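Comments concern the structure below.
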Amino acid sequence: MSLFPPGSLTSRLARFAMKRRFAVTAGLVALLGTIAVAVVAKDGGRFLDVRARDHCDPVTFGAICFNSPEPEVTLAEFQAAIPLGGHEDWKFNPGRSGASINAGGTLQLESDGGIRHTFTRVAAFGGGIVPALNVAVGNAPVRPECQTAQTEANGNVLVPQGSVQQFRAGTSPLLPRGTSLYQCCIHPWMRTQITVR
Ligand SMILES: [Cu+2]
Numbered sequence: 005m006s007l008f009p010p011g012s013l014t015s016r017l018a019r020f021a022m023k024r025r026f027a028v029t030a031g032l033v034a035l036l037g038t039i040a041v042a043v044v045a046k047d048g049g050r051f052l053d054v055r056a057r058d059h060c061d062p063v064t065f066g067a068i069c070f071n072s073p074e075p076e077v078t079l080a081e082f083q084a085a086i087p088l089g090g091h092e093d094w095k096f097n098p099g100r101s102g103a104s105i106n107a108g109g110t111l112q113l114e115s116d117g118g119i120r121h122t123f124t125r126v127a128a129f130g131g132g133i134v135p136a137l138n139v140a141v142g143n144a145p146v147r148p149e150c151q152t153a154q155t156e157a158n159g160n161v162l163v164p165q166g167s168v169q170q171f172r173a174g175t176s177p178l179l180p181r182g183t184s185l186y187q188c189c190i191h192p193w194m195r196t197q198i199t200v201r
């Protein structure tokens, strides 16, 4: 993108072309999104780092994958893993065993991948909003929580590429006291649990 001087006609045309391409392929992003999340509790339980991870390869995934920190997994490899439970590089950190944080602490939710994900509090794990990817979880029915607007109030937030979001444990509707289950509504094998104590 630095090939053209900022503001030049060539630069503007290049940006326009990129935007058009993105719009055309945006629908595919949902099919191919990935999350990996890493969680580390620090400061005596007052801070929890949660990552949504993936390793999408932009060359084969196309425009739905960008700024991928580790572009190691091709679209074919990703697709081959769907019937086997979903690609293991698409995950939250902390993983399924989860983590805990003290009430009043800060959960930082960060994208660590090249595809968008959601971080959605669910009453039980289930399917997401992309039928083709629900094969990875035995075609489980779509979770109703995945069909709400993506807002903190709904406990259903989008994790765009490059994003960093913070939520207050015990106060945010996303993080009530007790143990909650979370999944990605695009890649439903991405699951974790967080306890607010
Ligand atoms: Cu995901």
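The sequence shown begins at 5 in our numbering and counts up by one. Virtual Cβ for every residue (Gly too), placed ideally from N, Cα, C. Keep in mind it's a predicted model, so treat the numbers as computed, not measured.
Near ligand 1: residue i beta-carbon under 8 Å from a heavy atom
i: Arg120; result: yes
i: Cys60; result: no
i: Ile190; result: yes
i: Ala85; result: no
i: Ala56; result: yes
Backbone secondary structure at residue i - three-state DSSP
i: Phe96; result: strand
i: Asn160; result: strand
i: Val63; result: helix
i: Asp58; result: coil
i: Leu111; result: strand
i: Val139; result: helix
i: Gln83; result: helix
i: Leu178; result: coil
i: Gln154; result: coil
Neighbourhood of residue i by C-beta, 7 Å cutoff - its chain only, sequence neighbours within 5 removed
i: Gln154; result: Thr122, Asn160, Val161, Leu162
i: Thr77; result: First, the residue type needs correcting, since residue 77 is Val and not Thr in the sequence shown. For Val77, where only same-chain residues beyond five positions count, the Cβ hits under 7 Å are His59, Cys60, Asp61, His91, Asp93.
i: Asn138; result: Gly131, Gly132, Ala144, Pro192
Check whether residue i and residue j have beta carbons under 9 Å apart
i: Ser167; j: Gly118; result: no
i: Gly89; j: Ala173; result: no
i: Phe82; j: Arg55; result: no
i: Thr175; j: Gly102; result: no
i: Glu177; j: Asn158; result: Looking at the sequence itself, residue 177 is Pro, so the reference to Glu does not match. Yes, these two residues count as a Cβ contact at 9 Å.
i: Ala80; j: Thr64; result: yes
Presumed contact (8 Å Cβ cut-off) between residue i and residue j, rounded CB distance
i: Arg201; j: Ser104; result: 6 Å
i: Ala156; j: Arg125; result: Note that residue 156 corresponds to Glu in the displayed sequence, not to Ala. Not really, about 10 Å apart at Cβ, beyond 8 Å.
i: Pro164; j: Arg120; result: 5 Å
Residues of its chain near residue i, where Cβ-Cβ distance is below 6 Å and the 5 sequence neighbours each way are ignored
i: Gln112; result: Asp53, Gln170
i: Gly182; result: none
i: Cys69; result: Cys60, Pro62, Gly118, Ile119
i: Leu32; result: At Leu32, the pLDDT of 40 sits below 50, so the modelled position is not reliable and the matter cannot be decided from this model.
Residues near residue i by beta carbon distance below 8 Å, same chain, minus five either side
i: Phe129; result: Val141, Ala144, Arg147, Leu185, Gln187, Pro192, Arg195
i: Pro87; result: Val139, Ala140
i: Arg50; result: Ile105, Asn106, Gly108, Gly109, Thr110
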